[in-house]
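Asks: Protein chains in written order, with this note's numbering: chain A, 3 to 158; chain B, 364 to 1129; chain C, 14 to 305.
No residue lacks a Cβ here, since even glycine has one placed at the ideal position from N, Cα and C.
Starting off with a structure, shown below.
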Amino acid sequence: MKEINLTVNNQPYRLSVPPRRTLLEVIREDLGLTGTKEGCGLGECGACTVLMDGQAINSCLVLAAEADGKQITTVEGLASGDKLHPIQQAFVDHGGLQCGFCTPGMIMSAKALLDKNPTPTEEEIKQGITGNLCRCTGYTKIIESIKAAAENMGGK
Amino acid sequence: MAELSVIGQRVPRVDAWEKVTGQAKYAADYSLPDMLWCKLLRSPYPHARILNIDTSKAKKLPGVRGIVTGKDFGGWSWGWMPATRDETPLAVDKVRYMAEAVAGVAAVDEDTAEQAAGLIKVEYEELPGVFDPEEAMKDGAPKVHDYVKNNISVEYHWNFGDVDKAFAESHIVREDRFRTARATHGYLEPPAILAYYDPTGYITVWASKQSPYFHYRHLAACFKVPLSRVRVIQPFIGGGFGGTKNDSLAGDFCAVLLSKMTGRPVKYIESMEEELATSRRRHSVIVYSKMGVTKDGLLKAIQHRVVADGGGYTAIGPLSMYLNGFMTTLPYKLPHFKFDAYRVFTNNPIGAAMRGHGVTHTRFAAEIQMEMLAEELGIDPVEMRMRNAIDNPKPGEIYETINKVTLKTCGLKQAIKEAVEDPLWRDRDKLPKKEGAISWGTGISGSSYSGGARQMGHQACAAIIRLCEDGTVNLITGATDCGQGSDTVLCMIAAEELGIKLDDVAIKRVDTAYTPVDPGSYGSRVTILAGQATQKAAREVKKQLLETAAANWQVKPEDIEIRLGEVFVKSDPEKKMPFIRLARIACYSGTGAVIMGTGYSSYGIEHLDLTNGIGNGGCSYSFTAHTARVGVDMETGQITTTDFTIASDCGRLLSPVQAEGQIEGGAIQGLGQALYEDFIMDRGKTLNPTFLDYKMPHALDVPNIKLIDIVTDDPFGPFGAKETSEGSIVSAPPAVVSAIHDATGIWFKELPVTPEKVVKALKEKK
Amino acid sequence: MTTFYRRLPKFNYLAPDTLDEALSLLSRYKGKAMVIAGGTDIIPRLKRREIGAPEHVIDLKGIPGLDNIKYDVSGLSLGTLVTIGAVETSAIIGEKFSVLAQAAQSMASPQVRNRGTIAGNICNAVPSADSAPPLLTLGAKLKLVSQKGERTVGIEDFFTGPGQTALADDEILQEIQIPHPPPNSQGIYLKLTPRRAMDLAIVGVAAVVIPQDGVCQDIRIALGAVAPTPIRVRKAEAVLKGQKFDDALIEKAAKTAAGQSRPIDDHRASADYRRDMVEVLVKRAIKQAIRR
């Protein structure tokens, strides 16, 4: 077992985990934050995307032990109370989701993108979400949602 | 049509908040204290006899609580029809496809279950396999099942009109062989279940099922418990698209049986690789298409001989093959049609349903072949389609095809007209044709799909609306939203009918213990049929409310109107009250009333005639005209799709945002099948069971999509709605292939059109 | 495969604080340990049981200084923890070693690039590794260290077979050293994939050219995914070296490169297609490099 300290959505956790446990397993099973999804488990679909020290990563490819001392943000950490994060609100308003399974990861990738580049072009938006598959929407409304979020957040 | 307050508004999904905050719970997100984890052991051979299974070593592993094999299910088998119950929860004597499940383990955690599965020793006698459906039909081919001849799992022979005479009279007749890919649904949520068989004999499961009542019946039959004791509680579903999530899986049956054996809840989650290697995917279909036309390009006859790779079991194959044929008489006038269909057992994974079920194959073939004929005749592809397109029947009239499919509305001609007026098509000659190695092309297609599909057995959707004394309502239905947005649409229908705000309608997920029985989410049926049921239930509630208000104001019920939460007398607007007040009066009248309404759908009560292919397979039909622009790299064969324009007659769009999402999403799944998606098989083994190599489109691969609504207001569907989700997945591949032809001069008849196929064809052309 | 695993196999996790400690662990557990940097390649392969589980996983990420991108008189050096994303966005790499930045940009997803490392891509040694052809054309050298000392191996000598390298059981690739390219050299990386992203290369081609007054002063061409290892194609380079660029000669060089490739048939493409595409991509890469 390995002792680790994690900060998830500003909440500190001290955990003892088996070395082979992934960050995704810890988030979902040990912390009960099931908003982060497991799609392929191989880093090919992006459903498990979270931010680690501000960077989008596939939490299925990271050992929990490797995340020791890191700041993690999951989809549950975006809204403040009842107020949705502007990216979440844009996905709601522009129909950027259907089944919702890719949505948490997609929103986290969008957040990583807009944090770095508040005024992305359409091509940059597409580049920013290449690691996230969506099978329902055909991406059109997701791209519209991210564009709208960028505008609402002050990027122009 | 009366003025509408809710229907047609661009509203967000009713479940959007849960989904963007991560609060929406999917099957894998549920856990119970003390639960065990299930893992399956699967076959390493595509065709083999099971000689012995030794579980002793696995049983001894600390943490293992139970192991099941095929024999533990007591010989129970299942299938879509009584005559085709050829599948068992786990293989018993023989495995018929690679990675068919043979044993299930329950252990205290998933790591232990995985380790234990690896300790089960199965002795096999490998049998010769057969992997090509045309080989499998030949005499002497290895037999996958003993109960059929020549491995033919399903066959139909329909003959409408006189094709021989029609071909003899045709100006040109073409014969071509087309083939569609081994495509799969590609939802991102792998199938999962949490099952609890409690000691009193109730089965409760949280399972990712887009049609939970199939599962409810399967569990009742398999475990011999009354339906009233099977409770499928539906989580959110991470995409469905037909097939696997309509059916029950080995993991489902094992989780329930292991729960029964251990007395503890059991959770099972399929790995995505496992899902991709074993999923009930779209059939790969060979279509031998023969088409005859007059010198003016009018269709005389189509003859289709269809051979589908059925894989190891029948599953929903009888319906798949029916759907391959019955809509070939749409969307063009066709006087003569012959259809010979063979679904053939092979030692490949099972062929089953997928969005655009059946039609994707034969419409692709017919659409491309019609363009080939237009080219031979020197007729413009748009003109060719306009000459043959079915006209929109006048109000009150019906168009009937030769196989007695009936249309009350058909917006195809209008759709083609508007699609080709769009700059993408209109200005195609002004855009560059060649830039460096890239050759550009524009293509067009037409399609049709049925909405409100029929099945065998129970096929009505139902709804219950319960009025709360604060003026809000609960909408209770057995219909499943697996992502398509039907919960939103049904709530909008309820709000519109009742005259209340959308926010005042609450809907929860299906729970077979409380919600009314429903066939399921397939065949574009939910909006039309559950929509009709919802409409009826709402009207029943409204009737009771109007009577209360009428008594209150001493007027007739028909003099009262309710709109957006306000109740008023039409002739005397001074007499008004908020809906909440009326609700209170109604609920508190006398000793207290319970205001509820129920309804079930009555559309589509004719029985499905699979054997003869006569009659409707659905209630109404969507029509789509689809144009596409592609750039083909003439040296590497890579294809870029820049634009789609899709003109769809989906009747009236009840919830435009949701409908657009369906059309866009369907078109991109169709793009995947046109260009990228295919399981590469080697003697029954899937070589690409990962999203790295089963190539679904990413954001960068997607064209700009422009949608055009053709509103026909079909008298069948609620508020004039038809289907929205399947037309564009049928229209996309032929539109893209037509565009590739425009760019390269080559007709591709096998999907997907990969870069390598393009280069090979260009070489051959030289 | 008869069981599809969702969980990782058992191993012990070690996170040394210094390189010496890492080397000592590696020497102690020789043959039983696996080094991870980003883990984006190893974790999926362990999950799929494509590779046997090691007894120990030695994570280098706690060792300070290994993620440095250093640019000085001797050239560029990339520590073993430099991520693909860092290379993609580094201004100096974009300017002076553009061919490598182009390859970095073409790899996987933003999530994987944030995590995966160039050194990892090299050490995993899949024939399609995107960073390999650029490093071959840039003449990279690899500094390998063990408790016994250090040695430097040219990247061309590093790859010994599919998934196989010259790295010994007790060695770590500490640094990728890239000499300054001649000031007027131009590099292009082209990657052939069916989709626009997330695919492995069917063919990868890197070309670094030094053109002067229409003459090819020097040229280096390297190929990925068309041989058991990434390869340099010297015969093809020789066709152009010292010659005046013209279409026919470029064509000849491209054909020669195709002839030097040794692709295989697999589920991603046939050998014939791959060979044909080497010709197309080499031709394009040279022409684009000249135009830059």
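Which residues in the same chain have their Cβ closer than 8 Å to the Cβ of residue 158 of chain A, if we skip the five residues on either side of it in sequence?
Replies: Counting from one through the first sequence, the residue named residue 158 of chain A turns up at place 156. For residue 158 of chain A, the pLDDT reaches just 49, beneath the cut-off of 50, and the residue's location in the model is therefore unreliable, although a value from the coordinates is still provided. Excluding positions up to five away in sequence, the list reads 121.
Asks: Does the separation of the CB atoms of residue 804 of chain B and residue 995 of chain B fall below 8 Å?
Replies: On the second sequence, residue 804 of chain B is found 441 positions in, with the first residue counted as 1. On the second sequence, residue 995 of chain B is found 632 positions in, with the first residue counted as 1. Yes; because the gap between Cβ atoms is below 8 Å, this pair is in contact.
Asks: So what does DSSP say about residue 938 of chain B, is it helix, strand or coil?
Replies: Your numbering for residue 938 of chain B matches position 575 in the second sequence. Strand.
Asks: Distance cutoff 8 Å, beta carbons only. Does residue 193 of chain C sit that close to anything in chain B?
Replies: As a first step, residue 193 of chain C must be located in the third sequence, where it is residue number 180. With 8 Å as the cut-off, residue 193 of chain C does not count as an interface residue toward chain B.
Asks: Return the CA-CA distance between residue 1133 of chain B and residue 856 of chain B, expressed in angstroms with no decimal places.
Replies: No answer is possible for residue 1133 of chain B: the residues shown for chain B start at 364 and end at 1129.
Asks: Applying the 10 Å Cβ sphere with the 16-neighbour rule, what's the burial state of residue 228 of chain C?
Replies: Translated into positions along the third sequence, residue 228 of chain C becomes position 215. Result: exposed.
Asks: Could you tell me the distance, in whole angstroms, from the CA atom of residue 247 of chain C to the CA atom of residue 281 of chain C?
Replies: Here the question's residue 247 of chain C lines up with position 234 in the third sequence. Here the question's residue 281 of chain C lines up with position 268 in the third sequence. Distance between the alpha carbons of residue 247 of chain C and residue 281 of chain C: 27 Å.
Asks: As a quick exercise: from A:105, A:21, A:132, A:31, pick the residue whose alpha carbon is nearest that of residue 67 of chain C.
Replies: Taking the first residue of the third sequence as 1, we reach residue 67 of chain C at position 54. Checked all of A:105, A:21, A:132, A:31; the closest Cα to residue 67 of chain C is A:21.
Asks: Could you have a look at residue 567 of chain B and say whether DSSP puts it in helix, strand or coil?
Replies: As a position in the second sequence, residue 567 of chain B is number 204, starting the count at 1. Looking at residue 567 of chain B - three-state DSSP - the assignment turns out to be strand.
Asks: Measure the beta-carbon distance from residue 438 of chain B to residue 884 of chain B and round it to whole angstroms, keeping in mind my assumption that it falls under 8 Å.
Replies: As a working mapping, residue 438 of chain B is identified with position 75 in the second sequence. As a working mapping, residue 884 of chain B is identified with position 521 in the second sequence. That pair is no contact at about 31 Å.
Asks: What does the alpha-carbon distance come out to for the pair residue 1108 of chain B and residue 1125 of chain B?
Replies: Translated into positions along the second sequence, residue 1108 of chain B becomes position 745. Translated into positions along the second sequence, residue 1125 of chain B becomes position 762. About 9 Å.
Asks: Is it the case that the Cβ atoms of residue 903 of chain B and residue 962 of chain B are separated by a distance below 8 Å?
Replies: The sequence position of residue 903 of chain B within the second sequence is 540, counting from 1. The sequence position of residue 962 of chain B within the second sequence is 599, counting from 1. Their beta carbons are under 8 Å apart, which means residue 903 of chain B touches residue 962 of chain B by this criterion.
Asks: Just by C-beta distance, which residues in the stretch 39-67 of chain A are closer than 8 Å to chain B?
Replies: The stretch 39-67 of chain A vs chain B, Cβ under 8 Å: 39, 40, 41, 42, 43, 44, 46, 47, 49.
Asks: Quick one: residues in its chain with C-beta nearer than 6 Å to the C-beta of residue 715 of chain B, no 5 flanking neighbours on either side, listed in chain order?
Replies: Translated into the one-based positions of the second sequence, residue 715 of chain B becomes position 352. Cβ within range, chain order: 606, 643, 678, 679.
Asks: For residue 460 of chain B and residue 155 of chain C, what's the separation of their Cα atoms in angstroms?
Replies: Taking the second sequence and counting its residues from 1, one reaches residue 460 of chain B at position 97. Taking the third sequence and counting its residues from 1, one reaches residue 155 of chain C at position 142. For residue 460 of chain B and residue 155 of chain C, the distance between alpha carbons rounds to 47 Å.
Asks: What residue range does the alpha helix (DSSP H) around residue 642 of chain B cover?
Replies: Residue 642 of chain B sits at position 279 when you count from the first residue of the second sequence. Element bounds for residue 642 of chain B: n/a, residue is neither H nor E.
Asks: Near residue 213 of chain C, which residues of its chain fall below 6 Å by C-beta distance, leaving aside the five closest residues on each side in sequence?
Replies: Counting from one through the third sequence, the residue named residue 213 of chain C turns up at place 200. Excluding sequence neighbours, residue 213 of chain C sits near 141.
Asks: Buried or exposed: which applies to residue 917 of chain B, given that a residue is buried once 16 or more other Cβ atoms fall within 10 Å of its Cβ?
Replies: In the second sequence, the residue the question calls residue 917 of chain B occupies position 554. Counting Cβ neighbours within 10 Å, residue 917 of chain B comes out exposed, since fewer than 16 surround it.
Asks: How is the alpha helix (DSSP H) around residue 687 of chain B delimited, first residue to last?
Replies: Locating residue 687 of chain B in the second sequence gives position 324, where the first residue counts as 1. Segment 680-689, the alpha helix (DSSP H) holding residue 687 of chain B.
Asks: Considering Cα atoms alone, identify which of B:535, B:518, B:1049 is closest to residue 740 of chain B.
Replies: By one-based count along the second sequence, residue 740 of chain B stands at place 377. When only C-alpha atoms are compared, the closest one is B:535.
Asks: Show which residues of chain C have a CB atom less than 9 Å away from the CB atom of residue 1039 of chain B.
Replies: To locate residue 1039 of chain B, count along the second sequence from 1; it is residue 676. Chain C residues near residue 1039 of chain B: 207, 208.
Asks: Evaluate contact between the stretch 729-738 of chain B and the stretch 528-548 of chain B, counting only Cβ atoms and requiring at least three cross-stretch pairs below 8 Å.
Replies: At 8 Å Cβ cutoff, the stretches touch.
Asks: Which of the three DSSP states, helix, strand or coil, is assigned to residue 1121 of chain B?
Replies: The residue given as residue 1121 of chain B occupies position 758 in the second sequence. The answer is helix: DSSP assigns residue 1121 of chain B an H, G or I state.
Asks: So with Cβ pairs under 8 Å, would you call residue 391 of chain B a contact of chain A?
Replies: By one-based count along the second sequence, residue 391 of chain B stands at place 28. Taking Cβ atoms only, chain A reaches closer than 8 Å to residue 391 of chain B, which makes this a yes.
Asks: In the DSSP assignment, find the unbroken alpha helix (DSSP H) run with residue 1015 of chain B in it and report its ends.
Replies: As a first step, residue 1015 of chain B is located in the second sequence; it is residue number 652 there, counting from the start. No alpha helix (DSSP H) holds residue 1015 of chain B; DSSP gives it neither H nor E.
Asks: Mind pulling the chain A residues with CB within less than 9 Å of residue 599 of chain B?
Replies: Position 236 of the second sequence, counted from the first residue, corresponds to residue 599 of chain B. Here the neighbours are 101, 102, 103.
Asks: Contact criterion: CB-CB distance below 8 Å. Does residue 375 of chain B meet it with respect to chain C?
Replies: As a first step, residue 375 of chain B must be located in the second sequence, where it is residue number 12. Cβ-Cβ to chain C under 8 Å: no for residue 375 of chain B.
Asks: Since residue 705 of chain B is in the beta strand (DSSP E), which residue starts that stretch and which ends it?
Replies: For the purposes of this step, residue 705 of chain B is identified with residue 342 of the second sequence, where counting begins at 1. Run containing residue 705 of chain B: 699-708, per the beta strand (DSSP E) assignment.
Asks: I'd like the span of the beta strand (DSSP E) that includes residue 53 of chain A, first residue to last.
Replies: For the purposes of this step, residue 53 of chain A is identified with residue 51 of the first sequence, where counting begins at 1. Taken as a continuous stretch (DSSP letters only), the beta strand (DSSP E) holding residue 53 of chain A covers 51-54.
Asks: Helix, strand or coil for residue 813 of chain B, going by three-state DSSP, please let me know.
Replies: Reading the second sequence from its first residue, position 450 is the one you call residue 813 of chain B. Looking at residue 813 of chain B - three-state DSSP - the assignment turns out to be strand.
Asks: Can you tell me whether residue 979 of chain B is buried or exposed? The criterion is at least 16 other CB atoms within 10 Å of its CB, across all chains shown.
Replies: As a working note, residue 979 of chain B is residue 616 in the second sequence. Buried.
Asks: Give me the subset of the stretch 607-639 of chain B whose CB atoms are less than 7 Å from a CB atom of chain A, sorted by chain position.
Replies: Those residues of the stretch 607-639 of chain B that come within reach of chain A (Cβ to Cβ, closer than 7 Å) are 634, 635.
Asks: Give the residues of chain C in contact with residue 106 of chain A, contact being defined as C-beta atoms less than 7 Å apart.
Replies: Within the first sequence, the letter at position 104 stands for residue 106 of chain A. Under the 7 Å cutoff, chain C gives no residues; its nearest Cβ is about 13 Å from residue 106 of chain A.
Asks: Give me the chain C residues within the contact set of residue 4 of chain A, using Cβ-Cβ distance strictly less than 8 Å, ordered along the chain.
Replies: Taking the first residue of the first sequence as 1, we reach residue 4 of chain A at position 2. Simply 26.
Asks: Specify the secondary structure class of residue 41 of chain C as computed by DSSP and reduced to three states.
Replies: As a first step, residue 41 of chain C is located in the third sequence; it is residue number 28 there, counting from the start. DSSP places residue 41 of chain C in helix when its eight states are reduced to three.
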